[in-house]
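Engineer: Pasting in a structure now, in structure tokens, and then I'll have a few things to ask.
Number of protein chains: 2
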Amino acid sequence: MEYVVRKLAQMAGVSSRTLRYYDEIGLLKPARINTSGYRIYGETEVDRLQQILFYRELGVSLDSIRDIVTSPSFDGAQALREHHEKLLEKREQLDRLISNVERTIEVSEGRFQMMDKEKFEGFKQKLVDDNEAKYGKEVREKYGEETVNKSNQKVRGMSQEQHDEVTKLATAVTETLQAAFETGDPAGELAQKAADLHRQWLCYYWDSYSKEAHAGLSQMYVDDPRLTAHYDEKQPGTAAFLRDAVHIYTGSVK
Amino acid sequence: MEYVVRKLAQMAGVSSRTLRYYDEIGLLKPARINTSGYRIYGETEVDRLQQILFYRELGVSLDSIRDIVTSPSFDGAQALREHHEKLLEKREQLDRLISNVERTIEVSEGRFQMMDKEKFEGFKQKLVDDNEAKYGKEVREKYGEETVNKSNQKVRGMSQEQHDEVTKLATAVTETLQAAFETGDPAGELAQKAADLHRQWLCYYWDSYSKEAHAGLSQMYVDDPRLTAHYDEKQPGTAAFLRDAVHIYTGSVK
DNA sequence: CTTTACATTGACGTTGCGTTAAGGTGTATA
DNA sequence: TATACACCTTAACGCAACGTCAATGTAAAG
Chain A
1 MEYVVRKLAQ MAGVSSRTLR YYDEIGLLKP ARINTSGYRI YGETEVDRLQ
51 QILFYRELGV SLDSIRDIVT SPSFDGAQAL REHHEKLLEK REQLDRLISN
101 VERTIEVSEG RFQMMDKEKF EGFKQKLVDD NEAKYGKEVR EKYGEETVNK
151 SNQKVRGMSQ EQHDEVTKLA TAVTETLQAA FETGDPAGEL AQKAADLHRQ
201 WLCYYWDSYS KEAHAGLSQM YVDDPRLTAH YDEKQPGTAA FLRDAVHIYT
251 GSVK
Chain B
255 MEYVVRKLAQ MAGVSSRTLR YYDEIGLLKP ARINTSGYRI YGETEVDRLQ
305 QILFYRELGV SLDSIRDIVT SPSFDGAQAL REHHEKLLEK REQLDRLISN
355 VERTIEVSEG RFQMMDKEKF EGFKQKLVDD NEAKYGKEVR EKYGEETVNK
405 SNQKVRGMSQ EQHDEVTKLA TAVTETLQAA FETGDPAGEL AQKAADLHRQ
455 WLCYYWDSYS KEAHAGLSQM YVDDPRLTAH YDEKQPGTAA FLRDAVHIYT
505 GSVK
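Structure, rendered in structure tokens:
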């Protein structure tokens, strides 16, 4: 079936202007131009537009979307599975927002108190995943470094300021961990500082921190060979050392 | 407790630039400026920022938000209840999106077919509520016509094109209904045309149409005195006439 | 005192359209 | 066939909500 601009726009819930703009930037070209000069869209374009709208819904910039969907190696079915996963995450975040407003309503009715920090639960989105070593690499090789960085940034609504902070903390963790490793003492001052920095770094990822979760994650670094490899890259034994330091920091071992 | 720009920005998950911009446009003024010229925010500003972020999350323009939250009659607790309601609606829409992507995945795996129109389920958001006569009037008087129109438009992600279409259909319903009323025949051609136009109008509100729902809604027009008053404004008996016409149209009466 | 991090104001730039203007095309009606 | 209305095209300006950069002042730690 074929559509002119208005028909497709109506069906998709976008404006005609949007479709013309997408044509202009090379994001969604019509199947053909008829003898009157009208844009004519077909089945392929419908599916492309659906993909675009999913990416857009997830906050990806149009530039990035264009690079992704026009890539020869673009796999529509795989993309759909990723959209699914991301939409589920988005729903989790929305649930947190809903919990927040419910709690705030109770506060306004005087039932209990709420810390300032809690008032913003759900607005801060989880930032770039810790486990890039697990699957980020494959995506990067497929779509290019720049595209993924932009995409991650937008998907997560992360500002440059926040990104800088995370990067700085990650660097601080790594450096302090190395220095602490040389002391050989996971209970020492440096190791405990590394654990604390690690906690601060995690707080960009987790809306709520718990010692159990922190300890559990550090155990994961040892249990998952790929994550172990990530931490042991410069100095074998680092993952285990961090795990020990965190366990002590969180009081998980006596 | 007091915060400088960076602290508040971090806590709320926004950028320092955002807070300065909000100060500049009069949306969120700091509690005071200290002797160094630094912005200092307090408890009141924290609560104001939370409200702002809820409105922003719901797509309301900053201009509108400023008009709302700076109004002397702004009621924070009431606003929170409205946010709650709107966030629940937003989650419903997200659920529809998730269903859409799940179905599309099944299509991509060849399990069954999907109509073009179905591929955009969840992207089109429900438009302005039918029941403005119920509670829209109070809000309008409170905050002003322009603010509410802008707010509704943004909250619902409605484009001008879509808005025009809805308005045109609503006008067509009203005019056709009046002409049909004069025939006195709810089964007549004009009345059935009015019922059909009413259905088309409803399709901007409902993602899925059913005759039962259509018939049920038209019954509501008669049962709810305020909705009856809305339809009977120009011609008493119009609500009942429309109910009859719709019942015949949907085959709810023989 | 020096260094680093963060504050300020000012100003330019970006993204993704919305809107308007001018002129062409399609369709229904008189 | 002519007319009216709806919708097509291109071109271009405008805008919201910041992001980014520059220059300069302030706070805190070593």
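If you read the sequences in order, they're chains A and B. Residues in the first sequence are numbered from 1 upward in steps of one, following my numbering. Residues in the second sequence are numbered from 255 upward in steps of one, following my numbering. In this text, a Cβ means the ideal position worked out from N, Cα and C, and glycines have one as well. This structure is a prediction, so every number in the text was calculated from the model and none was measured.
State the Cα-Cα distance for the pair A:Tyr-22 and A:Leu-28, rounded to the nearest angstrom.
Structural biologist: 5 angstroms
Engineer: State the Cα-Cα distance for the pair A:Ala-9 and B:Phe-374, rounded to the nearest angstrom.
Structural biologist: 11 angstroms
Engineer: Kindly indicate which three-state DSSP category A:Ile-282 falls into: helix, strand or coil?
Structural biologist: This structure gives no information on residue 282 of chain A, because the portion of chain A shown stretches from 1 to 254.
Engineer: Leaving out five residues before and five after A:Arg-6 in sequence, what residues of the same chain have Cβ atoms less than 8 angstroms from its Cβ?
Structural biologist: Ser-16
Engineer: Does the beta carbon of B:Met-369 come closer than 7 angstroms to any beta carbon on chain A?
Structural biologist: Taking 7 angstroms as the CB threshold, B:Met-369 stays off the interface with chain A.
Engineer: Could you give the C-beta distance for B:Leu-456 and B:Thr-430, rounded to a whole number, given that I count them as a contact under 8 angstroms?
Structural biologist: Wrong, their Cβ atoms sit about 15 angstroms apart, outside the cutoff.
Engineer: How about the region 351 to 362 of chain B and the region 80 to 99 of chain A: do they share at least three Cβ pairs that are nearer than 8 angstroms?
Structural biologist: Pairwise C-beta distances place the region 351 to 362 of chain B in contact with the region 80 to 99 of chain A, as three or more of them are shorter than 8 angstroms.
Engineer: Let me know the secondary structure DSSP gives B:Asn-385 once reduced to three states.
Structural biologist: In this predicted model, B:Asn-385 has a pLDDT of only 29, less than 50, meaning its place in the structure is not dependable enough to derive any value.
Engineer: I want to verify the contact list: residues of chain B whose CB lies under 8 angstroms from the CB of A:Gln-192, in sequence order.
Structural biologist: Within chain B, no residue comes near A:Gln-192; the closest Cβ sits about 24 angstroms away, beyond 8 angstroms.
Engineer: Among the residues of its own chain, which have a CB less than 6 angstroms from the CB of A:Ala-195, if the five just before and after it don't count?
Structural biologist: Ala-245, Val-246 and Tyr-249
Engineer: Start and end of the alpha helix (DSSP H) containing B:Ile-279?
Structural biologist: In the DSSP assignment, B:Ile-279 falls outside any alpha helix (DSSP H) and carries neither an H nor an E.
Engineer: Could you tell me the alpha carbon to alpha carbon distance between A:Pro-30 and A:Arg-91, rounded to whole angstroms?
Structural biologist: 33 angstroms
Engineer: Using Cβ-Cβ distances below 9 angstroms, what residues of the region 279 to 307 of chain B are close to chain A?
Structural biologist: Glu-297, Val-300, Asp-301, Leu-303, Gln-304 and Leu-307
Engineer: So A:Gln-51 and A:Val-69 are supposed to be a Cβ contact under 8 angstroms. How far apart are they, rounded?
Structural biologist: About 6 angstroms; that satisfies the 8 angstroms criterion.
Engineer: Measure the C-alpha to C-alpha separation of B:Leu-348 and A:Glu-212 and round it to an integer number of angstroms.
Structural biologist: 32 angstroms
Engineer: Could you tell me whether any Cβ in chain A is nearer than 7 angstroms to the Cβ of B:His-338?
Structural biologist: yes
Engineer: I'd like to know if B:Ala-331 contacts chain A, where contact means its C-beta is closer than 7 angstroms to some C-beta of that chain.
Structural biologist: yes
Engineer: Below 8 angstroms on the Cβ atoms is my guess for B:Ile-251 versus B:Ile-287; work out the distance and round it to an integer in Å.
Structural biologist: Any question about residue 251 of chain B goes unanswered here, given that chain B covers just 255 to 508.
Engineer: Any C-beta of chain B sitting closer than 7 angstroms to the C-beta of A:Val-107?
Structural biologist: Chain B, which has no Cβ nearer than 7 angstroms to the Cβ of A:Val-107, makes this no.
Engineer: Secondary structure at A:Gly-216, three-state DSSP: helix, strand or coil?
Structural biologist: helix
Engineer: Are the C-beta of B:Gly-470 and some C-beta of chain A separated by less than 7 angstroms?
Structural biologist: no
Engineer: Tell me, to the nearest whole angstrom, how far the beta carbon of B:Leu-444 is from that of B:Ala-433; I am working on the premise that it is less than 8 angstroms.
Structural biologist: 5 angstroms
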